[in-house]
Amino acid sequence: MNVRADDGTETETDRPAGNSRTLTLTVCSAAIGGTFQYGYNLSIINAPTNHIQRFINDTYWERWGTGLDTSQVTLLWTVIVSAFSLGGLTGALLAGPMAVRCGRKNSLLLNNSFLFLGAVLALTSRAARSVEMIVLARLLVGVNAGVSMNVQPMYFGESAPKHLRGAVAFSSAVFTAFGIFVGQVVGLTELLGTEPLWPYLLASNALPGLLQLLTLPWFPESPRYLLMDRGNKEACARALGRFRGGADFSLEMEEMLQEQADAGGATAKSQTPWDLFSNRSLHPQLRTVMAASSAMMLCGNDSIYFYASYIFLAAGIPMEKVQYVSIGTGACEFTAAVVCNLLIERVGRRMLLSGGYALMAVWALVFTLALTLQGYSVPGMPYLSMVCVFCYILSFGMGPAGVTGILPAEIFDQTARPAAYMVAGSLMWINLLIVGMAFPFIVSYLDALCFIPFCCVCVAASLFVGLTLPETKGRTLAEITAEFDRRNLLKKGPEMQGPEPMKEQYQLGKALSLTTVDPEPLSHLLDPEPLSLTALDPEPLSFTALGSVSLSLTAPDPLSLTTQDQTRSLSPPPDQSLSLSPA
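Using full-length UniProt numbering, you'd call the opening residue of the sequence shown number 1 and step up by one each time.
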């Protein structure tokens with residue numbers, strides 16, 4: 001049976017939807033208090049490490065009259081660092097419900113409450129002589145980062161036009177890298193990285209949050225959220241008008257209304273993570289997001305910073321100059337993110353993600369070789385190690401750093417998207433915590449071979465993404481879902497595929513006719529009893545009568561005909577074919 005969809009209607013093309021200054025300013029306002037904070041808070045904790053460890057020991061002496069040994073100080077320092085990851089996991093779990101109940105924009109604004117409270121605790125911790133306040137401050141800052149890392153890409157992906165969706169969503173990674181770079185600069189000893197000023201360094205994250213509070217309320221909410229979660233078509237149209245800068249958005253509005261109808265009405269209920277795991281049709285998308293999110297943290301990019309100072313010292317850079325060279329790692333990732341932001345709508349998501357991991361695997365092998373030969377005092381190896389550090393970070397920034405955060409927004413619909421970000425965000429923070437705790441043991445046991453596990457992760461991620469992820473650039477959700485379904489059916493084999501899903505074969509709301517090449521009535525293929533074709537969609541498709549047969553069709557069941565006594569598949573004789581076309 002050959003079925004084809006050919007409705008003859010005009011579809012939305014990739015033509016530009018207009019230049020909107022509002023969209024650009026919205027991205028800057030949301031990101032400066034969003035993913036920028038993640039990168040900034042990730043890097044500012046490195047500069048005052050020795051100062052805070054000394055504060056821990058002094059505080060313990062004041063309380064108990066005895067000092068701590070090095071291992072105990074390191075343990076407490078690990079608790080402070082790990083609190084950020086635990087807070088991030090909490091924030092990732094909060095992000096989904098917040099995005100549904102409060103909206104994307106309002107969630108980002110409310111998220112600053114965690115940040116301001118953490119800043120106050122960090123600022124007053126030394127005066128209060130309380131290490132516990134630092135731990136709690138880092139926990140709250142982590143919650144802020146966890147929420148923003150999930151809600152911000154969702155907000156951007158739902159607000160951008162299709163031809164800019166990847167570039168706008170990827171800007172989250174650009175601001176993360178920018179935050180890392182700015183945090184490294186602010187942590188210099190000439191600025192806030194000194195003994196008296198470290199509390200001000202930890203509390204300086206309040207300034208970007210304040211800037212967001214002053215600017216973001218002036219910009220629109222996500223149009224898709226307004227339409228599909230709130231059922232407010234007028235507010236959605238106003239938001240689209242502002243985001244598109246006066247360009248015609250009628251086709252985009254029709255697509256959103258179609259997705260709303262597919263989801264089940266004006267205000268469809270949002271799904272939970274359990275719903276995603278229970279829905280077998282979403283398992284291919286869910287596996288892809290889970291694998292990409294886990295690989296992003298298990299690939300070793302954060303661990304490369306652990307070796308940076310050691311490698312720079314081995315290359316002959318003076319101790320007092322290492323902090324300036326280390327800034328180059330942040331600048332390197334920021335540069336890569338900017339370049340990738342310019343390339344993503346040309347090269348595509350799958351190529352950047354799979355290719356990025358492949359390059360990281362290559363550089364991990366070269367880095368392992370350089371570390372091994374460096375142990376034998378081979379000349380030039382420290383400099384090769386330096387090259388590997390920068391190339392590894394560049395490869396990460398060119399793909400995995402930004403594309404990973406885009407995927408849930410592009411391959412899940414409006415009802416499943418918040419839950420998908422909850423799953424992805426939770427895995428990212430859990431794996432970040434695992435790597436942070438396990439890496440010292442990996443180094444102690446494997447020494448120069450410590451990057452071999454990360455190399456294996458990168459190889460596996462590159463192959464998995466290349467084989468399972470369809471290209472999403474410039475495609476609608478329906479097209480992406482159909483491609484996932486097609487790939488899933490090919491894996492099962494021809495004998496298990498059955499007829500193609502009807503969702504790929506027609507558009508809802510179009511009048512269709514079912515015809516055969518043979519001029520004889522369709523009834524010669526079937527029993528003479530009255531026929532009905534039923535499924536789940538609330539808006540059935542009408543079919544023209546053929547002979548004495550009257551049909552009605554609803555989605556998404558396969559094309560099968562039910563008589564009064566049995567169900568039969570619609571299949572013509574060998575010398576005929578069937579077509580599904582507009583009436």
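Glycine included, C-beta positions come from ideal geometry on N, C-alpha and C.
This one's a predicted model, so the numbers in the text were calculated from it and none came from an experiment.
| Asked | Found |
| --- | --- |
| Does the distance from the CB of G187 to the CB of L201 come in under 9 Å? | yes |
| To the nearest angstrom, how far is the alpha carbon of N205 from that of E255? | 40 Å |
| So, for P530: in the same chain, excluding its five sequence neighbours on each side, which residues have a beta-carbon less than 6 Å away from its beta-carbon? | Low confidence applies to P530: its pLDDT is 40, below 50, so where it sits in the model is not reliable enough to give any reading. |
| Going by DSSP, what residue range makes up the alpha helix (DSSP H) through F334? | 322–347 |
| Using a Cβ-Cβ cut-off of 7 Å (strictly less than) and excluding sequence neighbours within five positions of I311, which residues of its own chain qualify? | P382, S385, M386, V389 |
| Hey, how far is the Cα of N232 from the Cα of M98? | 19 Å |
| What is the DSSP secondary structure of V378, reduced to helix, strand or coil? | coil |
| I want to see whether chain C comes within less than 9 Å of V322, judged by CB atoms only; does it? | Protein chains in the displayed structure number just one, and chain C is not present. |
| Quick check on F33: does DSSP put it in helix, strand or coil? | Per the sequence shown, residue 33 should be read as Gly rather than Phe. Coil at G33, not helix or strand. |
| Sort G39, T59, T26 by Cα distance to A331 and report the nearest one. | G39 |
| Tell me which residues share the same chain as V73 and place their Cβ nearer than 6 Å to its Cβ, disregarding the 5 neighbours each side in the sequence. | Q53, I56, N57 |
| Exposed or buried, what is W61 when buried is set at 16 or more other beta-carbons lying within 10 Å of its beta-carbon? | exposed |
| Starting from M398, trace the alpha helix (DSSP H) in both directions and tell me its first and last residue. | Premise fails: M398 is in no alpha helix (DSSP H) and is neither H nor E. |
| Just verifying my parser: in three-state terms, what is the DSSP assignment at F454? | helix |
| Please determine, among G474, T481, D413, the residue with the shortest C-alpha to C-alpha distance to H163. | G474 |
| For E410, is the classification buried or exposed, using 16 other Cβ atoms within 10 angstroms of its Cβ as the cut-off for buried? | buried |
| Can you give the Cα-Cα distance for S354 and R487, rounded to whole angstroms? | 17 Å |
| If you drop the 5 nearest sequence neighbours on each side, which residues of the same chain put their C-beta closer than 8 Å to that of V168? | L23, V27, F156, G157, S159, A160 |
| Can you give me the Cβ contacts of N46 inside the same chain, cut-off strictly under 7 Å, excluding the 5 residues immediately before and after it? | G187 |
| Look at the alpha carbon of V443 and the alpha carbon of C450, and state the distance between them as a whole number of angstroms. | 5 Å |
| Hey, is the region 326–345 in contact with the region 429–438, meaning 3+ C-beta pairs nearer than 8 Å? | no |
| Whose C-beta lies closer than 7 Å to the C-beta of V182 among residues of the same chain, with five residues either side of it excluded? | Y40 |
| Just checking, does the region 404–422 make contact with the region 88–96 on the three C-beta pairs under 8 Å criterion? | yes |
| When you compare only the Cα positions, how much space is there between E495 and E483? | Here the model assigns E495 a pLDDT of 42, short of 50, so the residue's position is not dependable and the matter cannot be decided. |
| I'd like to know if the region 358–365 and the region 392–401 are in contact, where contact means that at least 3 CB-CB pairs between them fall below 8 Å. | yes |
| With 16 other CB atoms within 10 Å as the buried threshold, where does G509 fall? | Per-residue confidence for G509 stands at a pLDDT of 37, beneath the threshold of 50, marking its modelled position as unreliable; the derived number appears in the next sentence. So G509 counts as exposed. |
| Using CA coordinates, which residue listed in L433, V465, L477 is at the minimum distance from G87? | L433 |
| Please return the same chain residues whose Cβ sits closer than 6 Å to the Cβ of S107, not counting the five positions on each side in sequence. | M98, A99, V151 |
| When DSSP labels each residue in this structure, what does P470 get in the three-state scheme? | coil |
| Quick check on D69: buried or exposed, where buried means 16 or more other Cβ atoms within 10 Å of its Cβ? | exposed |
| If you measure between the beta carbons of A239 and L251, is that distance less than 9 Å? | no |
| Does M319 pass the burial test, meaning 16 or more other C-beta atoms within 10 Å, or should it be called exposed? | exposed |
| With three or more beta-carbon pairs closer than 8 Å as the criterion, would you say the region 190–199 touches the region 285–295? | no |
| Go through its chain and collect everything with a Cβ distance to L136's Cβ below 6 Å, but skip five positions before and after it. | L121 |
| Whose CA, out of A237, V403, V185, lies closest to the CA of M351? | V403 |
| From this set, F175, R224, G300, L313, which residue's C-alpha is nearest S148's C-alpha? | F175 |
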